Amino acid sequence: MASTLSDQLEEVRCHAEACLYSTGSVLEVRAGISAMANIPLPPSVKYRYIAAETMIIENGVNNNRKETIGSLQRLSTALNILEKYGCNLTSSSRPKYWRAVKHNNPVFRATVDAIQGGRAVLCLYGYSNQQPDGLSFPDEVMEPDIEKVAAVTLEVMSLRMELDMLIKEAHPHPEFFERIIPSLNQQDDFGPISDAVAIPSSLRESQPLYMSLASLAQSPTSAFLPVRTANASTSTSISTRHTDNCTICAIFPVAAHCNSCVQWLCTECDRLYHSSVERANHHRTVVTSSKMRKNHSSLLSWHCTHCTRVNSNQDILCETCERPRLASSGSAKDEFPQPFTITEWQCKSCTVVNAGSSILCEVCERPRLATKPPATPTRPPPTPNRPAAPVLGMPGDPDSQWMCQFCTYINYTPASVCEMCDLPRPEPAKMRVKLHPPSQVKRVPVLSVKPKDPPMEDPHLRRQKLMREEGLKLIQLIRDGEKKGVSPEEVYTGMRVSGDGNILPCDWLKAELPHLLDQICATASSSRAADLKAGQNQNGTGTAEDTGVEEEQTRGRGVTLSRAEAKLAWLSAGGDTERAAKQALRDRHSKVKELCSLGFTDEVRCQEVLRQSEGEVRGALSLLQRPLMEPFHQRMWSDQPEPPIDINHPDKQRVCRRLLAVYDLPSWGRCELALSLLQERTAPYSLDDVVQAVRESHDRDFIRRVLAKECPICLSDFPHSKMQSLTSCQCSVCCGCFQQHFTIAVRDKHIRDMVCPVCWEPDINDPEHLNSYFSTLDIQLRECLEPEVYDLFHKKLTEQALIKDPKFLWCSHCSYGFIYDGDQLKVTCFQCRNSFCAQCKKPWESQHGGLSCERYQSWKRENDPEYQRQGLAGYLRDNGITCPNCRFQYALSKGGCMHFSCSQCRYQFCSGCNNPFHTTCAVIHCSVTGLHAHHPRDCLFYLRDWEPGRLQALLQNKVVEFNTDTPPGTQAGLCGVIEQKDESGQQTDSACGAQTQPGHAGLCEKHYREYLVSLINGHSIDPAPLFNANELVLACRRYQVDDARGELEDDVTYYTRILEKLIDEVPLGDKVPRKK
């Protein structure tokens, strides 16, 4: 049976997971979760991913049942939030910021982070990357694992449903959780009654706790007995407590109650359970919902207004339609309608109803918004019965007043918002009802007669009313003034000064203010003149002539204010003209004092410019500085050139200012440093060079080294700015030597000779460095070479690039090259107009037409007497040297020095194997320095040291024919092979002229060896089998083949093994010419 339950759990789990991350409906997912929650298996077996039993123990174990239920409720709320995270990840339209979970989220802190194991569930979802402010998916994870997230989310949903049923005491198998949390078995003070069904020990040992409905019909009556909860002091039995769901299936609501077996059953369970013959006579009563049950359930649940689903109180969203809980709670309010009070408020974010005293939401911790309270219900709220009074609800009744906490305005009870600031009444708490002593006179409302308010009006209310009216009037006047360009200060001051309420302030300002400002200016001027005259009288009396002079000075020193200054003083003085005049004089005096502190000591001039600038110090300063800047402006706008800086001028500060202004040096100290360097007699530096060096550094010794660099070619001293260097090395030469070197290289030398004139770097044989080097050199030569020389450089550079084209051909008659796009063998040179073969590069003859190059060479050997007379010398000439870089052919032998330099492209290579010669080796573990090449074992470089007989033996082993007789008609005694010789520093082509040996086919020994090696290379014969012991070991070490010898290995076995290893691991040369 246990395996059956496990199989059933797996089947339900797979179906629910598929519905969760596919197109399944919400009802199907909820049905699967409900089926999982009701399967009678312990949490450690039922839950595969989440540690359900550990989470319940860590978050639910407390001292008593009440605290345990509260802890389980918090765990259920946290699981509800974790469920939302999982549903967001499995949804096809995930949120924008699904990759991260922030710790500063108030919902996360209050729910998931407040329990043990919450973050572990997030790690199961995929949030495994720890960030400073939260958790996130790893960067390499592009999408979440939908199947795993769906499985974890399903277990979270199932555990939350089991906890909700356990909290509501509707779980069909609470014994699994009572075993984990012992405090669930403890009873509260009112004595909780267990509604579980006792199962005999025989059934507990042999059968699972979960039984199908069909098995209930055949089970005997004794199998199910009501549980009696015994008290410590009494054995009185207590009836079982009723629950909302069936005690057997725990899914459907209760429809009947059986008094005989003490069971609360739904319709289907009642039909199957009592279909047994033994239980057919049980008396059952129909269960109907009562008013008290509804009120009790409304405290623990809420009713969804959309799908009528009854949800738990801690659920934020409906379990069926997933819509949020609304403010109205359904039937409970319909039965007991209550007026709206602010004893509780609904959160605008998560829709949770909070207590009126709380400022933040209990779930999401967001603040309560200061919005208007909702409309009061249609049914008027009940009010306490009290006798009506003639002044009820009117000013003067202290019971009908409330004060706005924002503007302290006294309002009346019928008003829901403040009459002054239009803000809502924050907390219309019930005012204390004053108990008046009983009166014999009954208060009768008199509605038709208006009370006479003047003697009874409250002075505070009258003051507030007057303030409100004046404030509204002032606001309207300010708005009208803003439309006409009048500031609020002017409107307020004008309204105070005018005093006549019938005249608008804007009209008064337009008509009377200019005259008033002129009066303030005149008052200030006369007051200033009087003060000056009084000060002169205190100093003593003088002659009439002195008095006239003083009066003239007094008139000249009188203050003339502008209307702008008078207006500012009038506004600051609140409209008082005398105070405004004094304030204007004080302001003018402080401004004059500020200008004098800036170096302008003429007080009369300062007064004049302040009047012209309407009291602005910035404008007055501009007017005072304008005459001083006039010479500078004339010099700047004149057509004459700027005079040079005279470093020998006696005024050093003047020279430093010029340097600072013209050359924009970083600081005054750098200007003094540049001037001291220019004034040194032993160092003839130019001004521009010194300024550029001073900009880079402030160290005098370093600047001197920069200004005196020695050119390694002409050995002259130049500043660093006059030196040039290439990017391939650290050498620096002067601009003149740089230009001269590259001009000669472009005109008279090859393109590969355009390297550094000091160190001759870089090595242009490397094609990778070639392109980057010439791209940088092109920028430098463009600025220093003459136009015709620069064009020639570009022409040579273009030819160098064309050589790499596979369609490029060299003329066999001259040294001209060109691109050939044709498909015929006969090619005519554009330069010398001679023809040659495009494939074998031999001069064209009429016999070549219609024949391939191989058949033409065979015909020529058989029928051309001149070719027969030349013998093997002609063979060596036809199989001469071909440049591997530009494919230019040379009718030369390969004997002698194997280092060959192409005259066309200056490419240096081995004429036997075509491997390049270089100074910078790219072979790993190469210890050779200087110019060298790496040759394969079948290269002429090594085989030229073999005796002819040994080479002939190698050919005989492979059955390759070779010549030994001298061809008829050839010159006897002297070798006629053409080779390149170095004579007096010049490379010339001439005959070998060495003495021939018998049996060498009319060739000298050197060229006969070359002939035999060409046959060996043409047939790809490996010379390794003829190596002796020393040559074999040396070849293994040269090509880095392991030549370690075994302890018991003899010579024959050892040399055979390393020979096979050398042949297998090191192939023959891939660039060796293989022409037959």
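Just so you know, we're using numbering that gives the first Met the number 0 here: the sequence shown kicks off at 0 and counts up by one.
Just so you know, even glycine gets a beta-carbon here, dropped at the ideal spot from N, CA and C.
Owing to the predicted nature of the structure, the values given are computational and were not obtained by experimental measurement.
Q. Under three-state DSSP, which class holds alanine 169?
A. Along the sequence shown, read from residue 1 onward, the residue named residue 169 stands at position 170. Coil, per DSSP.
(Q) Using a Cβ-Cβ cutoff of less than 7 Å, which residues in the same chain neighbour serine 70 once the five nearest sequence positions on both sides are dropped? (A) To locate residue 70, count along the sequence shown from 1; it is residue 71. Asn58, Gly59 and Asn61, listed in sequence order.
(Q) Quick check on the DSSP output: the alpha helix (DSSP H) that includes asparagine 1016 runs from which residue to which? (A) Within the sequence shown, the letter at position 1017 stands for residue 1016. Residues 1004-1017.
Q. Does DSSP classify leucine 622 as helix, strand or coil?
A. Here residue 622 corresponds to residue number 623 of the sequence shown, with the count starting at 1. Helix at leucine 622.
Q. What residue range is occupied by the uninterrupted beta strand (DSSP E) comprising lysine 482?
A. Against the sequence shown, residue 482 aligns to sequence position 483. DSSP places lysine 482 outside any beta strand (DSSP E); the residue lies instead in the alpha helix (DSSP H), whose first and last residues are 458-482.
Q.
Taking 8 Å as the threshold (C-beta atoms), are threonine 53 and threonine 76 in contact?
A. Start at 1 with the first residue of the sequence shown, and residue 76 comes out as number 77. Start at 1 with the first residue of the sequence shown, and residue 53 comes out as number 54. Here threonine 76 is not near threonine 53, since their CB atoms are 8 Å or more apart.
**Q.** Contact under 8 Å by Cβ, threonine 919 with glycine 929
**A.** Within the sequence shown, residue 919 is the residue found at index 920, counting from 1. Within the sequence shown, residue 929 is the residue found at index 930, counting from 1. No, the Cβ-Cβ distance between threonine 919 and glycine 929 is not below 8 Å.
Q: Put phenylalanine 792 into one of helix, strand or coil per three-state DSSP.
A: Position 793 of the sequence shown holds residue 792. Secondary structure at phenylalanine 792: helix, using DSSP grouped into helix, strand and coil.
(Q) On the DSSP letters alone, give me the boundaries of the beta strand (DSSP E) that asparagine 353 sits inside. (A) Position 354 of the sequence shown, counting from 1, holds the residue named residue 353. Run containing asparagine 353: 352-354, per the beta strand (DSSP E) assignment.
Q. Is it the case that the Cβ atoms of cysteine 260 and arginine 278 are separated by a distance below 8 Å?
A. For the purposes of this step, residue 260 is taken as residue 261 along the sequence shown, with counting starting at 1. For the purposes of this step, residue 278 is taken as residue 279 along the sequence shown, with counting starting at 1. Annotated as proximal: cysteine 260 and arginine 278, with beta-carbon spacing under 8 Å.
**Q.** C-alpha distance - phenylalanine 176 paired with isoleucine 68, whole-angstrom precision
**A.** As a position in the sequence shown, residue 176 is number 177, starting the count at 1. As a position in the sequence shown, residue 68 is number 69, starting the count at 1. In a straight line, the C-alpha of phenylalanine 176 is about 12 Å away from that of isoleucine 68.
(Q) I'd like to check one pair, valine 591 with glutamine 606: are the Cβ atoms closer than 8 Å? (A) Stepping through the sequence shown from its first residue, residue 606 is reached at position 607. Stepping through the sequence shown from its first residue, residue 591 is reached at position 592. Yes, they are a contact pair.
Q.
Output needed for arginine 159: all residues of its chain with C-beta closer than 8 Å, excluding positions within five of it in sequence on either side, in chain order.
A. Here residue 159 refers to the residue found at position 160 when the sequence shown is read from its first residue. Close CB contacts of arginine 159 within its chain, under the 8 Å cut and outside five residues either way in sequence, are with Ser75, Leu78, Asn79 and Glu82 (chain order).
Q. If you draw a straight line from the alpha carbon of leucine 791 to that of serine 926, how long is it in whole angstroms?
A. Reading the sequence shown from its first residue, position 792 is the one you call residue 791. Reading the sequence shown from its first residue, position 927 is the one you call residue 926. Cα to Cα, leucine 791 sits roughly 40 Å from serine 926.
Q) Using a beta-carbon distance below 8 Å, is glutamine 856 in contact with chain B? A) Of the protein chains in the structure, only one exists, and it is not chain B.
Q: Compare the Cα-Cα distances from serine 1126 to each of Arg29, Glu361 and Arg746 and report the closest residue.
A: Outside the shown range of the chain, which is 0 to 1075, sits residue 1126, and nothing can be said about it.
Q: Please name the residue, chosen from Asp1049, Ala1034 and Asp1069, that lies closest to leucine 1061 on a Cα-to-Cα basis.
A: Taking the sequence shown and counting its residues from 1, the one referred to as residue 1061 is at position 1062. Of Asp1049, Ala1034 and Asp1069, the residue nearest in Cα terms is Ala1034.
**Q.** Span of the beta strand (DSSP E), counted from its first residue to its last, around tryptophan 569
**A.** Position 570 of the sequence shown holds residue 569. Per DSSP, tryptophan 569 lies in no beta strand (DSSP E); the unbroken alpha helix (DSSP H) holding it starts and ends at 562-571.
**Q.** the region 576-592 / the region 514-522 touching (three or more Cβ pairs under 8 Å)
**A.** With the cut-off at 8 Å, the region 576-592 and the region 514-522 touch.
**Q.** Backbone secondary structure at tryptophan 636 - three-state DSSP
**A.** Walking along the sequence shown from the start, residue 636 turns up at place 637. Three-state DSSP puts tryptophan 636 in coil, outside helix and strand.
Q) Taking the C-alpha atoms as reference points, what is the distance between arginine 93 and isoleucine 145? A) Counting from one through the sequence shown, the residue named residue 93 turns up at place 94. Counting from one through the sequence shown, the residue named residue 145 turns up at place 146. If you draw a straight line from the Cα of arginine 93 to the Cα of isoleucine 145, it is about 12 Å long.
Q: Have a look at Glu760, Leu780 and Ser21 and flag the residue whose alpha-carbon is nearest the alpha-carbon of isoleucine 743.
A: Counted from its first residue, the sequence shown places residue 743 at position 744. When the alpha-carbon of isoleucine 743 is set against those of Glu760, Leu780 and Ser21, the nearest one is in Leu780.
Q: Assuming leucine 523 and valine 558 form a contact by the criterion Cβ under 8 Å, report the distance between their Cβ atoms to the nearest whole angstrom.
A: Locating residue 523 in the sequence shown gives position 524, counting from the first residue. Locating residue 558 in the sequence shown gives position 559, counting from the first residue. It is alanine, not leucine, that sits at residue 523 in the sequence shown. With a Cβ gap of about 6 Å, alanine 523 and valine 558 count as contacting.
Q: Go ahead and label alanine 149 buried or exposed: buried means 16 or more other beta carbons lie within 10 angstroms of its beta carbon, across all protein chains shown.
A: Within the sequence shown, the letter at position 150 stands for residue 149. Buried, by the Cβ-count rule.
Q: May I ask you to report which of helix, strand or coil DSSP gives lysine 65?
A: Position 66 of the sequence shown holds residue 65. Here lysine 65 sits in helix by DSSP.
Q: Have a look at glutamine 823 and alanine 837 and give me their C-alpha separation to the nearest angstrom.
A: As a first step, residue 823 is located in the sequence shown; it is residue number 824 there, counting from the start. As a first step, residue 837 is located in the sequence shown; it is residue number 838 there, counting from the start. When rounded, the distance between both Cα atoms is 8 Å.
Q: Report, in whole angstroms, the separation of the C-beta atoms of lysine 1070 and histidine 1018, which I expect to be a contact under 8 Å.
A: Residue mapping note: residue 1070 aligns to position 1071 of the sequence shown, counting from 1. Residue mapping note: residue 1018 aligns to position 1019 of the sequence shown, counting from 1. Their Cβ separation, rounded to whole angstroms, is 17 Å, which puts lysine 1070 and histidine 1018 out of contact at 8 Å.
Q) How far does the beta strand (DSSP E) with lysine 101 in it reach, from first residue to last? A) To locate residue 101, count along the sequence shown from 1; it is residue 102. Bounds of the beta strand (DSSP E) holding lysine 101 are 99-101.
Q | Residue closest to glycine 911, alpha-carbon to alpha-carbon, out of Asn1029, Leu1067, Gln846 and Arg604 | A | Within the sequence shown, numbered from 1, the residue matching residue 911 stands at position 912. If we check each option's Cα against that of glycine 911, Leu1067 comes out closest.
Q. If we count the other Cβ atoms within 10 Å of its Cβ and call it buried at 16 or more, is cysteine 122 buried or exposed?
A. To locate residue 122, count along the sequence shown from 1; it is residue 123. With fewer than 16 other Cβ atoms inside 10 Å of its own Cβ, cysteine 122 counts as exposed.
Q: Taking only the alpha-carbon atoms, compute the straight-line gap between isoleucine 315 and threonine 350 and give it to the nearest angstrom.
A: Here residue 315 corresponds to residue number 316 of the sequence shown, with the count starting at 1. Here residue 350 corresponds to residue number 351 of the sequence shown, with the count starting at 1. Between isoleucine 315 and threonine 350, the alpha-carbon positions lie close to 7 Å from each other.
**Q.** Those residues which DSSP pairs with tyrosine 889 across a bridge
**A.** As a first step, residue 889 must be located in the sequence shown, where it is residue number 890. As a beta-bridge residue in DSSP terms, tyrosine 889 pairs with Ile880.
Q. According to the neighbour-count rule (16 or more other Cβ atoms, all chains shown, within 10 Å of its Cβ), is glutamine 723 buried or exposed?
A. As a first step, residue 723 must be located in the sequence shown, where it is residue number 724. Taking all protein chains in view, the Cβ of glutamine 723 is crowded by 16 or more other Cβ atoms within 10 Å, so the residue is classified as buried.
Q. Is the beta carbon of cysteine 730 sitting closer than 8 Å to the one on cysteine 755?
A. Here residue 730 is taken as the residue at index 731 of the sequence shown, counted from 1. Here residue 755 is taken as the residue at index 756 of the sequence shown, counted from 1. Yes. Within cutoff.
Q.
For a test of the three-state rule: what should DSSP assign to lysine 257, helix, strand or coil?
A. Position 258 of the sequence shown, counted from the start, is the residue given in the question as residue 257. As written in the sequence, residue 257 is cysteine, which differs from the lysine given in the question. Cysteine 257 carries a strand assignment under DSSP once its states are collapsed to helix, strand and coil.
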